[in-house]
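Those protein sequence lines, which keep their order, are chains A and B.
Letter by letter, the first sequence follows residues 10 to 290 in this note's numbering.
Letter by letter, the second sequence follows residues 10 to 290 in this note's numbering.
Where is the CB? At the ideal position from N, CA and C, for every residue including glycine.
2 protein chains.
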Amino acid sequence: MELLSTNACFEGEHRRYRHTSAALGCDMEFAVFLPPAAVGNQSRNVPVLYWLSGLTCTDQNFMQKAGAQKRAARLGMAIVCPDTSPRGLGLPGEDDSYDFGSGAGFYINATEQPWAPHYRMYDYVTRELPQLVEAELPVTDQRAISGHSMGGHGALICALKNPGHYASVSAFAPISNPTECPWGQKAFTGYLGEDRSRWEEWDATLLIPTARERLPLLIDQGTADEFLDSQLNPEALADACEKVHHHINLRMHRGYDHSFFFIASFIDDHLDHHGAALGLT
Amino acid sequence: MELLSTNACFEGEHRRYRHTSAALGCDMEFAVFLPPAAVGNQSRNVPVLYWLSGLTCTDQNFMQKAGAQKRAARLGMAIVCPDTSPRGLGLPGEDDSYDFGSGAGFYINATEQPWAPHYRMYDYVTRELPQLVEAELPVTDQRAISGHSMGGHGALICALKNPGHYASVSAFAPISNPTECPWGQKAFTGYLGEDRSRWEEWDATLLIPTARERLPLLIDQGTADEFLDSQLNPEALADACEKVHHHINLRMHRGYDHSFFFIASFIDDHLDHHGAALGLT
Chain A
10 MELLSTNACF EGEHRRYRHT SAALGCDMEF AVFLPPAAVG NQSRNVPVLY
60 WLSGLTCTDQ NFMQKAGAQK RAARLGMAIV CPDTSPRGLG LPGEDDSYDF
110 GSGAGFYINA TEQPWAPHYR MYDYVTRELP QLVEAELPVT DQRAISGHSM
160 GGHGALICAL KNPGHYASVS AFAPISNPTE CPWGQKAFTG YLGEDRSRWE
210 EWDATLLIPT ARERLPLLID QGTADEFLDS QLNPEALADA CEKVHHHINL
260 RMHRGYDHSF FFIASFIDDH LDHHGAALGL T
Chain B
10 MELLSTNACF EGEHRRYRHT SAALGCDMEF AVFLPPAAVG NQSRNVPVLY
60 WLSGLTCTDQ NFMQKAGAQK RAARLGMAIV CPDTSPRGLG LPGEDDSYDF
110 GSGAGFYINA TEQPWAPHYR MYDYVTRELP QLVEAELPVT DQRAISGHSM
160 GGHGALICAL KNPGHYASVS AFAPISNPTE CPWGQKAFTG YLGEDRSRWE
210 EWDATLLIPT ARERLPLLID QGTADEFLDS QLNPEALADA CEKVHHHINL
260 RMHRGYDHSF FFIASFIDDH LDHHGAALGL T
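Given below as structure tokens:
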């Protein structure tokens, strides 16, 4: 694991690392914010919020634009931001569109060629990256997970498919029902093939009925989000939750869009949600 | 004045505008954050912090990366971010380097050709832009000014040269003595010519001895700033202040660099400084 850069930030540290990923078969970069409690003289290991970003993002968008570090510093919470896909593999078409291939891993394990050997972002973010981070950095195995848009979908499926693995989950404007929207259908067709029955295990709305762990879902969604009707569909998720009495707090925010100005406006609420679940408040 | 975009942000609004600048002889874009107090049902006009950005920045870097809106929303303060130079004029060499021409207006009025008719960022940020903003947006003529690096230099000279115009001034890692550093010497030679006596009115350190108004200076500087020794020289400014008993609060922050992670870490202190001067706290 190679340290690429360090920036002091709110008396903690923002760092970027590069490492060779076995799950993805390529080098990956990720960012971490370590709060003062983890880097000071009397430092201790701290719990981690894993943040999964949306289409086109790298490890840097959230770290630079969400304004999350101030509250995380105060809570004593680390934040780890992976990239959103493998990159630079030279696969045919990997850079042809913003919503498939590079920057669009969708946090699933691909089964179709040529993607299957590399596009295994689900294994990467749920297994390999936490193992690496917990072995190499001053963090514990107490984990929370959140994300935005494609990353909100990722956070939801990672939590729903891994009982006991995360203390809490939340999402901003998640792709809530990807099997039923153009972004999800394009990605799942490409990575998983035409057989829609194989898509179901990667769709939060379809996972809710059989979820073995009932972590409450905190979902923030802007009403002026340009992708709300066509791609995100949080109502489908809310309906699925209602049917099985899975607790969901879906907050609709009047006038907010899909941008980081929306995320920044409510990120502290999410950090507090995770901080409480992680025993930090 | 053409509205380019609006984003809801902390119950206020982030907006971008384009207008034709008479001072600069070209179209310019700027950003504004309006706090909830200025956009709600019972809105009122609010004071403005003018933020001047550093080399290579547009109106967007600070708005997206500094995390300033939360505190500004609470204080009831607008923030206006101009671009850092005219752009797209087709002048020879305007895009050849990061530290001269586009993105590097240095907040001065050029006297040399071909820059003189357009590179008048001082007139723009101290006169034309406030007049426009105060006429068209829900803001008052109570003003504060701050900035980073080249923009920290800009904030200091704008305040020092305009007694009564600003209620308060602050800077992050300002180019404190531009006549004595490579960035300043390159810019001043290009915009003002070889005669160094004509540079002096654009150097904060040289303006301090004759300043007619003694606004206290709040300056934050990281000790790990890669430009501290070669370009920024806050000690020269502090020495000049000490000689004439001009109040300066130069805070050296151990381990912080020149990035927005540094700005974000301390921006709330600056907003509080300006909020107090503007009667908001």
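Between the alpha carbons of R80(B) and R53(A) lies a distance of about 30 Å. When Cβ-Cβ separations below 8 Å define contact, Q73(B) makes contact with chain A. Under the Cβ criterion of 8 Å, K252(A) is not counted among the residues facing chain B.
Restricting attention to D105(B), L61(B), E22(B), K252(B), the CA atom closest to the CA of V41(B) is found in E22(B).
The beta-carbon separation of A17(A) and V57(A), rounded to 20 Å, does not stay under the 8 Å limit for a contact.
Secondary structure at Y26(B): strand, using DSSP grouped into helix, strand and coil.
I166(B): not part of any beta strand (DSSP E); member of the alpha helix (DSSP H) spanning 159-169, first to last residue. Residue burial annotation: Q51(B) is exposed, with fewer than 16 other C-beta atoms found within 10 angstroms of its C-beta.
Annotated three-state conformation of N70(A) is helix, per DSSP.
The DSSP-derived three-state label of S155(B) is strand. Among the residues of chain A, those whose CB is under 8 Å from the CB of D266(B) are N16, A17, following chain order. Spatial neighbours of A247(A) in its own chain (CB-CB distance under 7 Å, excluding positions within 5 residues in sequence) are listed in chain order as I257, L259. The beta carbon of H23(A) sits closer than 8 Å to some beta carbon of chain B.
Rounded to whole angstroms, Q240(A) and P44(B) show a C-alpha spacing of 30 Å. In this structure, DSSP gives P191(B) a helical state, which the three-state scheme calls helix. In the same chain as H157(B), and ignoring 5 residues on each side of it, the C-beta atoms closer than 7 Å to its own belong to S62, G63, F181, A182, I272, in chain order. Neighbours of F115(B) in chain A, taken as residues whose beta carbon is under 7 Å from its own, are absent, since the nearest beta carbon is some 25 Å off. Cβ neighbours of T120(A) within its own chain (closer than 8 Å, five residues either side excluded): Y200, L201, G202, R207.
In the three-state reduction of the DSSP assignment, I276(B) falls in the helix class, which pools H, G and I.
Using a CB distance cut-off of 8 Å, A153(A) does not count as an interface residue toward chain B. Considering only beta carbons, the part of the stretch 229-240 of chain B lying closer than 8 Å to chain A consists of G231, A233, in chain order. The beta carbon of G76(A) falls within 8 Å of a beta carbon belonging to chain B, placing the residue at that interface.
When CB distances to chain B are screened at a threshold of 9 Å, not a single residue of the stretch 154-176 of chain A falls below it. In the three-state reduction of the DSSP assignment, Q230(B) falls in the strand class, which pools E and B. Per DSSP, R80(A) is one residue of the alpha helix (DSSP H) stretching across 78-84. Secondary structure of D150(B) (DSSP, three-state): strand.
At a cut-off of 8 Å between C-beta atoms, F181(B) does not count as an interface residue with respect to chain A. The stretch 185-193 of chain A makes contact with the stretch 207-222 of chain A; the number of CB pairs closer than 8 Å reaches 3 or more. Between the alpha carbons of G114(A) and G264(A) lies a distance of about 29 Å. Short of 7 Å from the beta carbon of A82(B), and not among the five residues preceding or following it, lie these beta carbons of its own chain, in chain order: F19, E20, G21, P44, P45. Secondary structure of S177(B) (DSSP, three-state): strand. If you draw a straight line from the Cα of G85(B) to the Cα of L237(A), it comes to about 30 Å. Straight across, the Cα-Cα distance linking K170(A) with E222(A) is about 9 Å. With distances taken between CA atoms, F269(B) lies nearest to M72(A) out of M72(A), E38(A), A32(A), Y116(A). Here R260(B) is bridged, per DSSP, to D229(B). Closest by C-alpha distance to E11(B), out of M37(B), E235(B), L33(B), I166(B), is M37(B).
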